[in-house]
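Colleague: Following this message is one structure expressed as structure tokens.
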Ligand SMILES: Cc1cc2nc3c(=O)[nH]c(=O)nc-3n(C[C@H](O)[C@H](O)[C@H](O)COP(=O)(O)OP(=O)(O)OC[C@H]3O[C@@H](n4cnc5c(N)ncnc54)[C@H](O)[C@@H]3O)c2cc1C
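As structure tokens, then:
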């Protein structure tokens, strides 16, 4: 080894910014690497760790949220420290981390969303699915979103699993949701919802959907809602048929959709309409409220390289609705002092090594993982090999002597810095207390937990 770093006398000091899945998978890989002594300090702008596992994954999918237990095991490692309620770029800077750590991993996810770019998009109740999801999941930044559920129809634009999540939450009964960890205020608002028709609208056809089998299957088992599919919209053009040949998962999606055509409307009070080959072109408002969305009908075209793209036909359809939720993709937000690719919405990198686009060279000691690295693709598990790849790049750099020891590696110095600045950071032990409080509060009601939302409420538990 070309360095004395990562030894018991001088452990390698690593900062991870972001406590979502990718941050935890990176921490686990760093801490268990044999032959190296590494300590990890993880920072998150929120009090609660776990990123989108807590604030994105649907509350009625508790089996998926259970992955957090794996992260808790990593957090219990003696080489791991957690600093929640500390935002990179505000309470702690790029410069600070370089002074106190030998390597930095950015695991900040993709915090913003893509827009439709159509007139009327800024009307109230035109929201991103991210905002709506964050609201019902108790993300402190979205506590006061107050979506208006007094309308009769909502349109969800997009056919990924997030679109399916928001449509399902709107379609489910209170009884179906009350045993989950959905926030009380969201449950109360959903109990009063007047929404009866939910349209899931796809730009392309049923052979191009992004949702998975389990997600579409659930719509056949809802207490209050029928899934409605038009037979005419399930007919595939030749290129689409060819593109899904041998794709059993896509065939299964189509089987579910065909079954929904057969079942039809059984008279349940709510309906979830799957609509294809439509693009919103205008969100129509009256007196400052959404009343309808104008859609252009699309047709598909196979292009060089095998892609099948949608193009407008000049024919239009208007769907009356009072709410629109766009779920057309996420993108990252730039971090102060860190390179950023505006077009891709990610931190430029090569196998996880951050690249400075100005010089096209790697930035010494800086790495990226997860959605901040590759964009918003894949499931939670996809982040594990992705984080391991970046960690391997770092160990390779360490072996080649490309990591230089930081100026002030004393673990107490990083803590002193936060204290001097009056930052009320939350430690792993403190998070465990908040977590236990939430879980215990849920027990009498048979719920997995009752979430605390604002940082102050969480800090009160610690008093
Ligand atoms: C609505 C939704 C539902 C999903 N459901 C599923 C599902 O059911 N199953 C599945 O497998 N996958 C699901 N996914 C995908 C999964 O959540 C992602 O693959 C995963 O969370 C990405 O991990 P990450 O660590 O890159 O980002 P994130 O989970 O977003 O974590 C990023 C963390 O960085 C923190 N952060 C950001 N900026 C800063 C800063 N400046 N300073 C400090 N901290 C910062 C954030 O607070 C956050 O905790 C879902 C995604 C969404 C959006």
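Residue numbers (our numbering): 436 to 898. Cβ coordinates follow ideal geometry from the N, Cα and C atoms, glycine included.
(1) With distance defined between alpha-carbon atoms, name the residue in 776, 509, 896 nearest to residue 869.
(2) Does the Cβ of residue 906 lie closer than 7 Å to at least one heavy atom of ligand 1?
(3) In this structure, what does DSSP give as the bridge partners for residue 568?
(4) Are the segment 616-623 and the segment 562-575 touching by the rule of at least three beta carbon pairs closer than 8 Å?
(5) Under a Cβ-count criterion, where at least 16 other Cβ atoms within 10 Å of its own Cβ denotes burial, should residue 744 be classed as buried or exposed?
(6) Which residues in the same chain as residue 892 place their Cβ atom closer than 7 Å to its Cβ, once the five residues preceding and following it in sequence are excluded?
(7) If I'm right that residue 452 touches residue 478 with Cβ under 8 Å, what's the distance once you round it to whole angstroms?
(8) Considering just the uninterrupted stretch of the alpha helix (DSSP H) at residue 536, what are its terminal residues?
(9) Hey, is residue 600 close to ligand 1, as in C-beta under 7 Å from one of its heavy atoms?
(10) What distance in whole Å lies between the Cβ atoms of residue 529 and residue 773, which are believed to be in contact at a cut-off of 8 Å?
(11) On the three-state DSSP scale, how would you describe residue 651?
(12) Does the distance between the C-beta of residue 919 and the nearest non-hydrogen atom of ligand 1 fall short of 7 Å?
(13) Is residue 481 near ligand 1, judged by its Cβ being under 7 Å from some heavy atom?
(14) How close, in whole Å, do the beta carbons of residue 642 and residue 675 come, if the pair is a contact with beta carbons under 8 Å?
(15) Taking the runs of the alpha helix (DSSP H) that are 4 residues or longer, which of them lie wholly in the segment 649-737?
(16) So, at 6 Å on beta carbons, what are the nonlocal neighbours of residue 447 in its own chain, with the 5 sequence-adjacent residues on each side left out?
(17) Which residues bound the beta strand (DSSP E) around residue 886?
(18) Does any C-beta atom of chain C lie closer than 8 Å to the C-beta of residue 797?
(19) Count Cβ pairs between the segment 819-832 and the segment 451-465 that sit closer than 8 Å; are there 3 or more?
(20) Kindly list the residues whose CB is nearer than 7 Å to the CB of residue 901, restricted to its own chain and excluding five residues on each side of it in sequence; keep chain order.
(21) If you count every other CB in all the chains shown that lies within 10 Å of the CB of residue 839, and 16 or more means buried, which is it?
(22) Quick check on the DSSP output: the beta strand (DSSP E) that includes residue 874 runs from which residue to which?
(23) Measure the alpha-carbon distance for residue 382 versus residue 486 and round it to whole angstroms.
(24) Taking the beta carbon of residue 490 as the centre, do at least 16 other beta carbons fall within 10 Å, making it buried, or is it exposed?
(25) Quick check on the DSSP output: what are the complete beta strand (DSSP E) runs of length 3 or more inside the segment 481-561, in order along the chain?
(26) So does the segment 795-811 actually touch the segment 537-556, counting three or more Cβ pairs closer than 8 Å?
(27) What are the complete beta strand (DSSP E) segments, minimum 3 residues, inside the segment 778-816?
(28) Buried or exposed: where does residue 751 fall if 16 or more other Cβ atoms within 10 Å of its Cβ makes it buried?
(29) Just to confirm my understanding: we take residue 514, look at its own chain, exclude 5 residues before and 5 after, and list those with CB closer than 7 Å. What are they?
(30) Grouping DSSP H, G and I as helix and E and B as strand, with all else coil, what is residue 437?
(31) Taking the CB atoms as reference points, tell me whether residue 753 and residue 732 lie closer together than 8 Å.
(32) Take the Cβ of residue 650 as the centre, count every other Cβ of all protein chains shown within 10 Å, and call the residue buried at 16 or more, exposed below.
(33) Kindly indicate the opening and closing residues of the beta strand (DSSP E) around residue 479.
(34) Give the single residue among 505, 492, 531 whose Cα lies nearest to the Cα of residue 844.
Modeller: In this structure, then:
(1) 896
(2) Given that the chain is displayed from residue 436 to residue 898, the structure contains no residue 906 and the question cannot be resolved.
(3) For residue 568, which the question treats as bridged, DSSP gives no partner whatsoever.
(4) yes
(5) exposed
(6) The beta carbon of residue 892 sits closer than 7 Å to no other beta carbon from its chain once the five residues preceding and following it are set aside.
(7) 5 Å
(8) No alpha helix (DSSP H) contains residue 536, which DSSP labels as neither H nor E.
(9) yes
(10) 7 Å
(11) helix
(12) A question about residue 919 goes unanswered here, because the residues of the chain that appear run from 436 up to 898.
(13) yes
(14) 4 Å
(15) Listed in chain order, they are 673-678, 683-698.
(16) 440, 441, 473, 537
(17) Premise fails: residue 886 is in no beta strand (DSSP E) and is neither H nor E.
(18) Looking for chain C here will not work: only one protein chain is present.
(19) Short answer: they touch.
(20) Past the boundaries of the shown model lies residue 901; the chain is included only from 436 to 898, so the question cannot be answered.
(21) exposed
(22) First-last for residue 874: 863-877, but that is the alpha helix (DSSP H), not the beta strand (DSSP E).
(23) Shown here, the chain extends from 436 to 898; a query on residue 382 therefore has no answer.
(24) Looking at its Cβ environment, which holds 16 or more other Cβ atoms inside 10 Å, residue 490 is buried.
(25) 515-519, 538-541
(26) Yes, they touch.
(27) 788-791, 796-803
(28) Residue 751 is exposed by the Cβ-count criterion.
(29) If you ignore the 5 residues before and after residue 514, its C-beta comes within less than 7 Å of the C-beta of 466, 473, 474, 475, all in its own chain and listed in chain order.
(30) Bear in mind that a pLDDT of 43 at residue 437, under 50, signals an unreliable position, so the model cannot answer this.
(31) Taking 8 Å as the cut-off, the beta carbon of residue 753 is found no closer than this to the beta carbon of residue 732.
(32) By the neighbour-count rule (16 or more Cβ atoms within 10 Å), residue 650 is buried.
(33) Per DSSP, residue 479 is one residue of the beta strand (DSSP E) stretching across 473-479.
(34) 531
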